[in-house]
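So the structure is just underneath, and the comments pick up after that.
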Amino acid sequence: MFSSVVFLELIKLEGAKDTKALIPKYTVAVLIIPIPQPATDLDMVDDYEQLLYIL
Numbered sequence: 000m001f002s003s004v005v006f007l008e009l010i011k012l013e014g015a016k017d018t019k020a021l022i023p024k025y026t027v028a029v030l031i032i033p034i035p036q037p038a039t040d041l042d043m044v045d046d047y048e049q050l051l052y053i054l
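Anchor point for the sequence shown: position 8 equals 7 in numbering that gives the first Met the number 0, and the numbering is continuous, going up by one each time.
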């Protein structure tokens, strides 16, 4: 998930590879959350709610 702080940069990107390029740029704002099973895309509200249930 990304903060609204980077939203303007996110909307200019194309694809997951470009999105991953933002992570090193904002390392001070990155929070790693270990989850018990492999993550899937979190681009829908249902996806996010399912992740919260797992945690």
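We put the beta carbon where it would ideally sit given N, CA and C, even for glycine.
Per the coordinates, the alpha-carbon of L12 lies some 11 Å from the alpha-carbon of V5. Apart from the 5 residues on each side of it in sequence, I22 sits with its Cβ closer than 7 Å to the Cβ of V29 in its chain, given in chain order. In the structure shown, Q36 falls within a coil segment according to DSSP collapsed to helix, strand and coil.
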